[in-house]
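Quick note: the sequence shown, position 191, residue 191 per UniProt numbering, numbers continuous.
No residue lacks a Cβ here, since even glycine has one placed at the ideal position from N, Cα and C.
The structure appears right after this line, and notes come after that.
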Amino acid sequence: MPVATTSNYTTDSSLHLPLSPPPSPPRSPPLPALRRPRHPLMEDTAVASVSNLLNEATSRMAGASSRPQASVEQTVQTMRHAARFDVPATPDMSPANQDAHHHPTEAAEAFMRRIFVDWTVSRAFQAEDAGVELVCPGWTGAVAQRLHTPNGAGCKLPLDPSTRALYVHMPRSCDRSALRDHILQLLDTASERVCAGRVVFCLERNLPDLSSLLHGLCYVGGQVATRAGQPDPWTERQPLASLVLVSVTL
């Protein structure tokens with residue numbers, strides 16, 4: 001093999017040196033951006049959390065807007081429930097509903113007509129409601145107010161016990177064990193609340209224990225005010241023949 005000698009270096013003629021640098025290697029495709037791997041369960045949880053937050057916010061807004069409507073519906077239901085038992089939810093004072101009103105004068109006049117056969121509205125007496133039903137359940141009564149003056153002129157005098165009498169009717173079903181308490185309560189009501197000078201107890205003649213009732217009223221100062229066919233000495237009215245009137249002067 002021929003060898004070329006140049007200066008102090010020896011070169012092999014079979015070696016071919018490149019005249020230009022070799023081309024650059026081809027570029028590899030860019031790596032995808034690094035991402036945190038996602039799990040399907042993690043994605044479902046995130047979606048559920050967002051959905052729950054949206055639902056909670058929506059429900060709060062809906063609840064705030066529906067509170068007035070809910071209160072109105074509750075009030076309507078309460079009124080309907082009360083109407084089933086004929087109990088007014090609120091006092092009705094409208095004159096359009098006459099059944100919701102209590103007419104004390106008319107009720108008192110009706111009671112006196114049940115006691116006296118010849119009771120009429122006159123210038124001599126006026127009937128007043130005494131609220132006996134509130135004091136003794138089952139009992140009924142009214143106050144007879146004397147209106148005439150000594151000279152006969154019809155005018156209402158100031159409250160004077162001597163011009164007022166409380167008439168009460170005892171029911172047949174009255175509990176005899178509570179009779180004493182009822183009598184004392186009625187006497188207190190006459191003297192303290194209605195300013196009456198006497199209490200007249202109207203008893204049924206056919207009561208099986210009429211004798212014991214009359215005997216018991218005698219202990220509180222009771223006196224039989226009417227006999228068969230006799231008028232009431234205080235009102236000068238004729239009571240029903242089926243009644244016995246016992247007067248207690250306070």
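Below 8 Å on the Cβ atoms is my contact criterion, and I expect GLY138 with CYS174 to pass it. Report the Cβ-Cβ distance as a whole number of Å. The pair is a contact, with the Cβ atoms about 6 Å apart (cut-off 8 Å).
Just reading off the alpha helix (DSSP H) that CYS218 is part of, what are its end residues? According to the DSSP assignment, CYS218 belongs to the alpha helix (DSSP H) that extends over 210-218.
Rounded to whole angstroms, what is the Cα-Cα separation between PHE201 and SER122? Distance between the alpha carbons of PHE201 and SER122 is about 23 Å.
Rounded distance between the beta-carbons of LEU245 and LEU187, thought under 8 Å: Not confirmed; about 16 Å, so no contact.
Is the stretch 160-167 close to the stretch 209-217, with three or more CB pairs under 8 Å? No: fewer than three Cβ pairs fall under 8 Å.
Which residue's Cα is closest to the Cα of GLU133: ALA108, LEU159 and THR235? The alpha carbon of GLU133 has as its nearest neighbour, out of ALA108, LEU159 and THR235, the alpha carbon of ALA108.
Which term fits GLN145, buried or exposed, when burial requires 16 or more other beta carbons within 10 angstroms of its beta carbon? GLN145 is buried by the Cβ-count criterion.
How many whole angstroms separate the CB atoms of PHE116 and GLN238, which I take to be in contact at a CB cut-off of 8 Å? 6 Å between Cβ atoms; contact.
Given a cut-off of 8 Å on the beta-carbon distance, is the pair residue 252 and SER247 in contact? This structure leaves residue 252 out entirely; the chain is present only between 1 and 250.
Using the three-state DSSP reduction, which class does PRO239 fall into: helix, strand or coil? In this structure, PRO239 counts as strand in the three-state DSSP scheme.
May I have the straight-line CA-CA distance separating ASP181 from CYS218, to the nearest angstrom? Between ASP181 and CYS218, the C-alpha separation is close to 15 Å.
Mind reading off the beta-carbon distance from VAL135 to GLN185? Whole number of angstroms is fine, and I expect it under 8 Å. Beta-carbon to beta-carbon, VAL135 and GLN185 are separated by about 5 Å, close enough to satisfy the 8 Å threshold.
Extract the residue ranges of the alpha helix (DSSP H) inside the stretch 132-209, only unbroken runs of 4 or more that lie entirely within it. 132-135 and 179-188, all fully within the stretch 132-209.
Between which two residues does the alpha helix (DSSP H) containing ALA110 stretch? Segment 104-115, the alpha helix (DSSP H) holding ALA110.
Report all residues from its chain with a CB closer than 6 Å to the CB of LEU159; omit the five preceding and five following residues, and keep chain order. Here the set comprises CYS195.
Compare the Cα-Cα distances from GLU204 to each of ARG114, ASP129, LEU243 and ALA130 and report the closest residue. Selected option, being the one with the closest Cα: LEU243.
Let me know the secondary structure DSSP gives GLN230 once reduced to three states. Per DSSP, reduced to three states, the secondary structure at GLN230 is coil, with no helix or strand assignment.
Alpha carbon to alpha carbon, how far is ARG113 from THR189? If you take the alpha carbons of ARG113 and THR189, they lie about 22 Å apart.
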